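Trainee: Protein chains in written order, with my numbering: chain A, 20 to 303; chain B, 20 to 303; chain C, 3 to 565; chain D, 3 to 565. The beta-carbon is built from N, C-alpha and C at its ideal position, and this holds for glycine as well. In this text, all values refer to a predicted model and were calculated from it rather than measured experimentally. Below you will find the structure I want to go over with you.
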Amino acid sequence: MSATKDYSNNVNPTWCPGCGHFSILRALQIAASRLEIPKESLVSVSGIGCSGRLSGYMSSYGFHGIHGRSLPIAQGIKLSNKDLTVVASGGDGDGFAIGLSHTLHAIRRNIDMTYVVMNNQVYGLTKGHTSPLSDVGFVTKSTPYGAIDSPIRPGILTLSSGATFFAQGFSAFQEELVEIIIKAIQHKGFSLVNVFSPCVTYNKVNTYQWFRHQLVNLQEDENYNPNDLQGAFNTLLNTNGLCTGLVYQRVDSEGRSETNDTPLSKLDLKITEEEFNRLMNAFK
Amino acid sequence: MSATKDYSNNVNPTWCPGCGHFSILRALQIAASRLEIPKESLVSVSGIGCSGRLSGYMSSYGFHGIHGRSLPIAQGIKLSNKDLTVVASGGDGDGFAIGLSHTLHAIRRNIDMTYVVMNNQVYGLTKGHTSPLSDVGFVTKSTPYGAIDSPIRPGILTLSSGATFFAQGFSAFQEELVEIIIKAIQHKGFSLVNVFSPCVTYNKVNTYQWFRHQLVNLQEDENYNPNDLQGAFNTLLNTNGLCTGLVYQRVDSEGRSETNDTPLSKLDLKITEEEFNRLMNAFK
Amino acid sequence: MVNNITILMGGIQGEGVVSAGINLMKTLSKLGYYTYGCRSFSSRIKGGNNTITLHASTEKILCIPDKSDIIIAFDDETIPQNIDKLKEDGLILYDSTLKDDGYKDYKSTPLPMTEIAKTAGSTIMKNTCGMAFIGRILGIDRLIFEESIKEKYAKKADSIITQNLKALELVYNHSIDIQMDHLILTGGDGFSRPLMIGNEAIALGALMAECRFMAAYPITPASEIMEYLGNLLPRYGGVMMQVEDEIAAVNMVIGASYAGTRAITATSGPGLSLMQEGIGLASMTETPLVIVDSQRVGPSTGLPTKHEQSDLYSLYYGGHGEYPSIILAPASVEDCYYDTIRAFNLADEYQCPVIILSDLSLSLSPQTIDPLTYNEDIINRGKLMDKGRENFEAFSFTEDGISQRVLPGTVGGEHHVTGLEHNQLGLPSNDSVNRRKMMDKRFKKIQPLESLQEVCLTKNHKESVLLLTFGSNYGIVKEAVELAGNKYDYGYIKVIKPLPKDQLKDLLDTYKKVIIIENNFHGQLAKIIIGQLGYKDKISSIHKYDGSPFTPFEILEELGGLI
Amino acid sequence: MVNNITILMGGIQGEGVVSAGINLMKTLSKLGYYTYGCRSFSSRIKGGNNTITLHASTEKILCIPDKSDIIIAFDDETIPQNIDKLKEDGLILYDSTLKDDGYKDYKSTPLPMTEIAKTAGSTIMKNTCGMAFIGRILGIDRLIFEESIKEKYAKKADSIITQNLKALELVYNHSIDIQMDHLILTGGDGFSRPLMIGNEAIALGALMAECRFMAAYPITPASEIMEYLGNLLPRYGGVMMQVEDEIAAVNMVIGASYAGTRAITATSGPGLSLMQEGIGLASMTETPLVIVDSQRVGPSTGLPTKHEQSDLYSLYYGGHGEYPSIILAPASVEDCYYDTIRAFNLADEYQCPVIILSDLSLSLSPQTIDPLTYNEDIINRGKLMDKGRENFEAFSFTEDGISQRVLPGTVGGEHHVTGLEHNQLGLPSNDSVNRRKMMDKRFKKIQPLESLQEVCLTKNHKESVLLLTFGSNYGIVKEAVELAGNKYDYGYIKVIKPLPKDQLKDLLDTYKKVIIIENNFHGQLAKIIIGQLGYKDKISSIHKYDGSPFTPFEILEELGGLI
Ligand SMILES: Cc1ncc(C[n+]2csc(CCOP(=O)(O)OP(=O)(O)O)c2C)c(N)n1
Ligand SMILES: Cc1ncc(C[n+]2csc(CCOP(=O)(O)OP(=O)(O)O)c2C)c(N)n1
Ligand code: SF4
Ligand code: SF4
Ligand SMILES: [Mg+2]
Ligand SMILES: [Mg+2]
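Following this line, the structure appears as structure tokens:
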């Protein structure tokens, strides 16, 4: 079994002490080691934000892209080489403001990969601006009189877009988070994990404390059936999205499958002269 | 009462004979005349696509923007002058592919305006490409082996984003469409109307005929309560989105209200010297 | 008897006049003539007048002459809208169902195209009848058409073939009451050649360059590339995806390319503007990226079905910050094919974005082409390694500025890439010395290209004037120069970025005057060259920006004023 | 006793050293000194070393000298990282809790800042103590600080005031065992002036220009503009919205402006790339649009907290197709204010996009400014009509290329606008004659700007060399020239697009050599000028692209090589 530290490149994160993002990084490293994903087969793709720095702390392959576009990049990687384990991650702004369209289109494509939203309901990197996931009334540098618009509900939106896997975690619940990420990576298809990851510097409302009080743990409810879409919808509505655990998984998901068994990047690509002539003749 | 023709500029549409978009144009003109909206107070904003040409056939103010961006433009107009009646319109590609993020963010802002999706489940203007609303298996120039990805469900997505008004119409049901658009315009807040508008040239599957067979008319169901969100969700799930009528309206919606009663563009904007000095003193 | 001829065919959009024209071009290409076709589009989706003008010749000519020999009309708009393009002794043919507006000054005759089609079974064959009439006038043997009909409809119902053959027979038996012998086309070399548009050649080039991934968003005039590859890539194990927008397209292609698959996207102006951030990311992460920009009239939505070459500025200078990229400018359909292969090689070799700069005329005008050569050995993947090594430096400082590259999946090659400024390991770095070195490294990479010979010249040694152009203009300039008795040297520039500075300097030192001919308002290529090399006093510029390509005579006229 | 001094303060990011520095600058500004501050950022969000270097002087100086008189350190990194910036006879002060690394070659002394803060009630006051120590060294009366403490904390609990006053007292009573009299600052004119950063001046300018709508997406170093207006606009009936991305931002601003409200957005490189399509739309629909681009290091995400001026190319040439736009380049905080007002007027007058080009240094460096003049009559809304007329032509061809404009809501002015090419009524038109005329119209509009005097010159009549720059560099060039004994003429260009061609030509004809100084790799302004005007042989270029601004001596050194 590979060790967790094998997945760390020993770079000291730029995150503030206590930032929720540390726990996500570690959870991903633990999950990778438990799944024994070879370092060279793991690609961590990230967006821009405090969250986006994650890929720079993994000793796997890492692609730190541009703001809001981690998912298009990640999908391209997976389609190019299906042998790779692709895990994209990014902030709530990255995935639900500038990247919202990509997030929902990635969901409906159901390509076999994992997306971890490092959700602190605020823009950390730009030093405290509102996010589409900020609560109404949330005061930030850009909403000095409090946020007006009703927040995006990531869970409901994800399910409405036809997600085949949706789970939620909390930075303070490390072990649950590891288990969820493992399930997400194992899921065949696109898996989205929304992690409540407190920003200790710019979000003084949705704190560790606050989440501990609010979050309902679905795993603790024996009757909860994560394969029931309608039930998942209702749970999200009833808890106002504030629950952790596997919320929904479609059992028969297979992931978008392209025609070939060999990964694209390893195909024999040579086209013979005969074949070329056939192609040319179509133009006569 | 103003006449429908008052809202037409007598330009001959470039649309193919039989195109569903004709009916939407006419419905909007009839609605405007029944509501007696002064021509100068109506602004039609549109995207790019066959659909996008709509604004060019209205004798009101019209803004034909760029692909996917009709809603940001329209919101800017409304926030700038709240006395205007702003109706945005565009194709399914315009609103749910390139413009998806704007659509959902506009919904959550709930600014008092109307958005009409001229939905033909195909890209008409580019001469027949798949749309995110195309059914699985739909054959187009860009999906010669049939569309793979599960289509976006505009209704569910709209409700999940916190819409306060969602209705659906069908180009062949002119009178119902007129009534829906009237209700949408009267609604206080953001109203989204998804109109099934067959493309007779590039969509040979979702035809007038097909819709006539598939569509359920909600108005005909006496028990249907458009103010019940949960019921609306279920109806959309049960009909696979194929229903017409007012699907959901939140009764207490007021629309995003900015502080002023006077429209921005008509405010007295002069800042006195005294006030200016106060502002400057903050920097000392 | 002639050895070249120009024919304008017009009718209602969607009724098949363009495909009839293209069929005629295919037939002529099979007989050993070079053809070139130019389409006009109606602003309506269906309906409205559209035309195809085709030129056939024993010589390869990449443009449409100013005047046509024949106009054939299937609707009432074709003749009035195009009569100024008819030669003085030109011939007008029109469907006998149309009203005779009496173009008295011209030879004109009605032809019973609709009538014959109806008799043979269906009016939709009227364009085929038109094509056959022209074929007959040009002296093409009926058997040739019979064969191609059989071939074309091989998979269709027998009745279709019978009906078409019947129509053909009626056309060839119809007596035409007009002198037409002078229009018989002769001299074809009998060598059968393919007919292609630029977009098809680009797509085919990508396939042969072992590109197996495309993500794109439809847009005129680039969509044919995704359509062709959407059809073919899955057959060769590849993927073509229409995605949510151009931003997704370019970033997916970056991802696919990063992971090792050669990948492409294609767009036009509006999409290009949206891709600027992604292009910068590819360059900063040193990821190979191939983009086709098929230009149309801008700015904004502009005129989507009209021709222009106005994206040079934004490709050469666009995108925030500064990063290397390469711009190739094919001038013919053959170039489109070879340049696309080259684009993939350059992208791998220099680990940066390569743009294939096309324009509406080049992308959409069908041309008879010379056989494309098959070559076993066309792939150069640059410094791509199949092994890593500890602390792999994907951005190491090297002599030539190019670092070794490994693909994800390679043991021991694990590393990080980022759009932030980074050190040799690919980790973010704020250090100012590193920053300067990284900038130097990235720009050093592509410097060798500046010394290549990338201006294709035809020397007539007549005058001290050089006409320089790029893209589809080249064929027009060539024709203009030939019409003018070959009294100018001329050429086209194949690589716009980086400019082939050494060669350009030589040329600018050699010639008294260099006239740059382009389809845009500013004379963009001229200004780019001046900005980089100076020589303002030697360079003048002919530009046109009304949405249509130059005609040879327009160029000559403008030249008159300059020389 | 001196009349100018430079102090570098460093500590852990987030612990208040920068705000202490800014407070000191405010105090100095009140006393009649001009101050200029320059910040460095840690790459960490919180923690890591950051510094503020401030210069105070009786003269207005818009840069930081190469060397500081004092370094004051609150953490262990400050001294080693900045020791090379200390004058030979400079003074090092450090918190007594830090280890004494013994910079033997320098005068250095520990100060009990943390200790005093703790005694007074809380260690968070240690920066205030530092500020007070410096104030004391500079000879600032304790009463001055007392006043400002009372003012600053007026709304806070009394205990805070008491604690701060206590700390102040302890600082002023602490005996310092080192010779410091030569550091007493004198000569301030006693006139109290405001301290501002460029972003605040832009925001204030927008407010005064009657801008009442802003939509934006946060990005360094532009966010302060949305923050300031987000706070103030609602108080004046306006709206500031943080939206989903920069594409939404620019299009919303276009909508708001189209409907009559003056509107603005602000961004930096990455956002600018995303806005290109929207900028083209504004220009094509002739909608006024004001955008701030506060430049940072590119390409891609680059170095978000470092300084560069590399977006010129993409602003001058970017965006597909061709359209007019205006680029203003303020060089000081005062310019930021006045240029913003001008930007709104130009946008209305010429009905096109206007970009206010700032850079990280200008946007974020606090400066003491001369009082901004209040003027009753600063608004020019151009050809804005309050009445329509039948068949209103929003795009009529006029002598000056500018058409009358009406706002939605105006009776009889109903019309259409589109990003497609259009006729005078604003309806789509494919016509090629119309196309050409519309292009001509749009570019004719801004031509008069080319004849204005937009290069601000300081003539020393000493040599035939002109140093030309723009943006925050101006202050540095000015200082460099003064250090060199005023032997060069120098100036900055206030309008980069359209270039003030007449004036530039005059200058290029007059001077033997024009040296253009800018913070980018390519020498973008130099190349733009050459591309438009020629004169390649006369123009040379000094450029720096390592993320930090020039220092005066760097400029002099580079000049040495060129002259
Ligand atoms: C196109 C673009 N716009 C804006 C930015 C500036 N920016 C960087 S990160 C970020 C948002 C960060 O918030 P989030 O995604 O929630 O991540 P967090 O920092 O909270 O982890 C923004 C707006 C950018 N880098 N690129
Ligand atoms: C940025 C950009 N990308 C692509 C296009 C090309 N384009 C024009 S309309 C359109 C889609 C049309 O489909 P839809 O929105 O469904 O409208 P319809 O024509 O079906 O009414 C596309 C892709 C464009 N104009 N701009
Ligand atoms: S600012 Fe917030 S999100 Fe960013 S590192 Fe600090 S705690 Fe984490
Ligand atoms: S192509 Fe389709 S959508 Fe477009 S005008 Fe024709 S029928 Fe309507
Ligand atoms: Mg966040
Ligand atoms: Mg559509």
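Could you work out which residue in Ser70(A), Pro32(A), His40(A) and Tyr26(A) is closest to alanine 50(A) when comparing CA atoms only?
Mentor: For the purposes of this step, residue 50(A) is taken as the residue at position 31 of the first sequence. Residue Tyr26(A) is the option with its Cα nearest to alanine 50(A).
Trainee: Go ahead and pull the three-state DSSP assignment for glutamate 90(D).
Mentor: Your numbering for residue 90(D) matches position 88 in the fourth sequence. Residue state, collapsed to three classes: strand.
Trainee: So which residues touch the region around ligand 3, with touch meaning a C-beta under 5 Å from any heavy atom?
Mentor: With the cut-off at 5 Å, the residues found are Trp34(A), Cys35(A), Cys38(A), Cys69(A), Gly143(A), Cys218(A), Val219(A), Thr220(A) and Ile47(D).
Trainee: Can you look up tyrosine 80(A) in the DSSP assignment and give me helix, strand or coil?
Mentor: Taking the first residue of the first sequence as position 1, residue 80(A) is located at position 61. Strand.
Trainee: Within 10 Å of its beta-carbon, does arginine 275(B) have 16 or more other beta-carbons around it, so buried, or fewer, so exposed?
Mentor: In the second sequence, the residue the question calls residue 275(B) occupies position 256. Buried, since its Cβ has 16 or more Cβ neighbours within 10 Å.
Trainee: Let's test the definition: count the other Cβ atoms within 10 Å of the Cβ of threonine 177(B) and tell me whether it reaches 16, buried, or not, exposed.
Mentor: On the second sequence, position 158 is the one that residue 177(B) refers to. Under this definition threonine 177(B) is a buried residue.
Trainee: Just mark phenylalanine 193(C) as buried or exposed, buried being the case when its beta carbon has 16 or more other beta carbons within 10 Å.
Mentor: Along the third sequence, one-based indexing puts residue 193(C) at 191. Looking at its Cβ environment, which holds fewer than 16 other Cβ atoms inside 10 Å, phenylalanine 193(C) is exposed.
Trainee: Comparing the CB of asparagine 253(C) with every heavy atom of ligand 1, is any distance shorter than 7 Å?
Mentor: On the third sequence, position 251 is the one that residue 253(C) refers to. No, ligand 1 has no heavy atom inside 7 Å of this Cβ.
Trainee: Quick check on leucine 43(B) - is its C-beta less than 8 Å from some C-beta in chain D?
Mentor: As a working note, residue 43(B) is residue 24 in the second sequence. Strictly speaking, residue 43(B) in this sequence is isoleucine, with leucine absent from that position. No, no contact with chain D.
Trainee: At a CB distance below 9 Å, what residues from the segment 221 to 255 of chain B approach chain D? Give them in sequence order.
Mentor: Of all residues in the segment 221 to 255 of chain B, none has a Cβ within less than 9 Å of some Cβ in chain D.
Trainee: With H, G and I counted as helix, E and B as strand and the rest as coil, what does DSSP make of leucine 95(C)?
Mentor: Within the third sequence, residue 95(C) is the residue found at index 93, counting from 1. Leucine 95(C) falls in the strand class under three-state DSSP.
Trainee: Assuming isoleucine 544(D) contacts isoleucine 517(D) under a Cβ cut-off of 8 Å, what Cβ separation, rounded to an integer in Å, is found between them?
Mentor: The residue you call residue 544(D) lines up with position 542 of the fourth sequence. The residue you call residue 517(D) lines up with position 515 of the fourth sequence. With 8 Å as the limit, isoleucine 544(D) and isoleucine 517(D) qualify as a contact, their Cβ atoms being about 6 Å apart.
Trainee: Do glycine 390(D) and threonine 412(D) have their C-beta atoms within less than 8 Å of each other?
Mentor: Along the fourth sequence, one-based indexing puts residue 390(D) at 388. Along the fourth sequence, one-based indexing puts residue 412(D) at 410. Contact flag set, yes.
Trainee: Pick out whichever of Asn244(A), Cys69(A) and Glu55(A) has its Cα sitting closest to the Cα of valine 37(A).
Mentor: For this step, residue 37(A) is matched to residue 18 along the first sequence. In the sequence as presented, valine is not what sits at residue 37(A); that position holds glycine. That would be Cys69(A), whose Cα lies nearest to the Cα of glycine 37(A).
Trainee: Scan the segment 342 to 385 of chain C and note each continuous alpha helix (DSSP H) run of 4 residues or more that stays entirely inside, going in chain order.
Mentor: List check, alpha helix (DSSP H) in window: 362 to 366.
Trainee: Name, please, each residue of chain D whose Cβ falls closer than 9 Å to the Cβ of isoleucine 478(C).
Mentor: Sequence index remark: in the third sequence, residue 478(C) carries index 476 (1-based). What isoleucine 478(C) touches in chain D: nothing, since even the nearest Cβ is about 16 Å away.
Trainee: Going straight from the alpha carbon of serine 169(B) to that of aspartate 154(B), what length do you get?
Mentor: On the second sequence, position 150 is the one that residue 169(B) refers to. On the second sequence, position 135 is the one that residue 154(B) refers to. Going by the C-alpha atoms only, they are around 7 Å apart.
Trainee: Applying a beta-carbon distance threshold of less than 9 Å, which residues of chain C neighbour lysine 303(A)?
Mentor: As a working note, residue 303(A) is residue 284 in the first sequence. Result: Lys28, Ser31, Lys32, Ser194, Arg195, Pro196 and Leu197.
Trainee: Quick check: is any heavy atom of ligand 1 less than 7 Å from the C-beta of histidine 232(B)?
Mentor: Here residue 232(B) is taken as the residue at index 213 of the second sequence, counted from 1. No, the beta carbon of histidine 232(B) sits no closer than 7 Å to any heavy atom of ligand 1.
Trainee: Please tell me whether isoleucine 56(A) has its Cβ less than 8 Å away from any Cβ of chain G.
Mentor: Among the chains of the structure shown, chain G does not appear; the protein chains present are A, B, C and D.
Trainee: Using the beta-carbon of each residue, which ones in chain C are nearer than 9 Å to histidine 418(D)?
Mentor: Locating residue 418(D) in the fourth sequence gives position 416, where the first residue counts as 1. In chain order: nothing, as chain C lies at least about 13 Å away.
Trainee: Mapping the DSSP letters down to three states, classify tyrosine 221(A) as helix, strand or coil.
Mentor: Taking the first sequence and counting its residues from 1, one reaches residue 221(A) at position 202. Residue state, collapsed to three classes: coil.
Trainee: Against chain C, with Cβ distances strictly below 8 Å, would phenylalanine 445(D) count as a contact?
Mentor: The residue you call residue 445(D) lines up with position 443 of the fourth sequence. Output row for phenylalanine 445(D): interface = yes.
Trainee: At a threshold of 7 Å, does aspartate 247(C) count as lining ligand 6 (C-beta to nearest heavy atom)?
Mentor: Working through the third sequence from its first residue, we reach residue 247(C) at position 245. Because no heavy atom of ligand 6 lies under 7 Å away, the Cβ of aspartate 247(C) does not count as near it: no.
Trainee: Name the DSSP beta bridge partners of cysteine 262(A), please?
Mentor: In the first sequence, residue 262(A) corresponds to position 243, counting from 1. Per DSSP, Val235(A).
Trainee: DSSP state of leucine 274(C), grouped into three classes?
Mentor: Here residue 274(C) refers to the residue found at position 272 of the third sequence. In the structure shown, leucine 274(C) sits in a helix (DSSP, three-state: H, G or I).
Trainee: How far does the alpha helix (DSSP H) with glycine 473(D) in it reach, from first residue to last?
Mentor: Numbered from its first residue, the fourth sequence carries residue 473(D) at position 471. Unbroken run through glycine 473(D): none, as it is neither H nor E.
Trainee: What residue range is occupied by the uninterrupted beta strand (DSSP E) comprising cysteine 458(C)?
Mentor: Stepping through the third sequence from its first residue, residue 458(C) is reached at position 456. Here the beta strand (DSSP E) through cysteine 458(C) covers 457 to 460.
Trainee: Counting only runs of 3+ residues fully inside the segment 169 to 224 of chain B, write out the beta strand (DSSP E) ranges in chain order.
Mentor: Correct list: 184 to 189 and 209 to 215.
Trainee: Got a sec? Which residues, its chain only, sit under 7 Å from glycine 112(A) by beta carbon, not counting five neighbours each side?
Mentor: By one-based count along the first sequence, residue 112(A) stands at place 93. Closer than 7 Å at Cβ, skipping near neighbours: Gly68, Tyr142 and Ser150.
Trainee: Per the DSSP calculation, serine 27(A) is bridged to which residue(s)?
Mentor: Your numbering for residue 27(A) matches position 8 in the first sequence. DSSP output for serine 27(A) lists Met77(A) as bridge partner(s).
Trainee: Using the Cβ count rule (16 or more neighbours within 10 Å means buried), how would you classify serine 21(C)?
Mentor: For the purposes of this step, residue 21(C) is taken as residue 19 along the third sequence, with counting starting at 1. The residue in question, serine 21(C), is exposed, as its Cβ has fewer than 16 Cβ neighbours within 10 Å.
Trainee: Do alanine 203(D) and alanine 250(D) have their C-beta atoms closer together than 8 Å?
Mentor: Position 201 of the fourth sequence, counted from the first residue, corresponds to residue 203(D). Position 248 of the fourth sequence, counted from the first residue, corresponds to residue 250(D). Taking 8 Å as the Cβ cut-off, alanine 203(D) and alanine 250(D) do not qualify as a contacting pair.
Trainee: Using a threshold of 7 Å, is the CB atom of histidine 40(B) nearer than that to any non-hydrogen atom of ligand 4?
Mentor: Looking up residue 40(B) in the second sequence gives position 21. Yes; taking the cut-off as 7 Å, the Cβ of histidine 40(B) has a heavy atom of ligand 4 nearer than that.
Trainee: Can you list, in chain order, the residues of its chain with a C-beta nearer than 7 Å to that of glutamine 455(D)? Leave out the 5 residues immediately preceding and following it.
Mentor: The sequence position of residue 455(D) within the fourth sequence is 453, counting from 1. The residues are Pro502 and Gln505.
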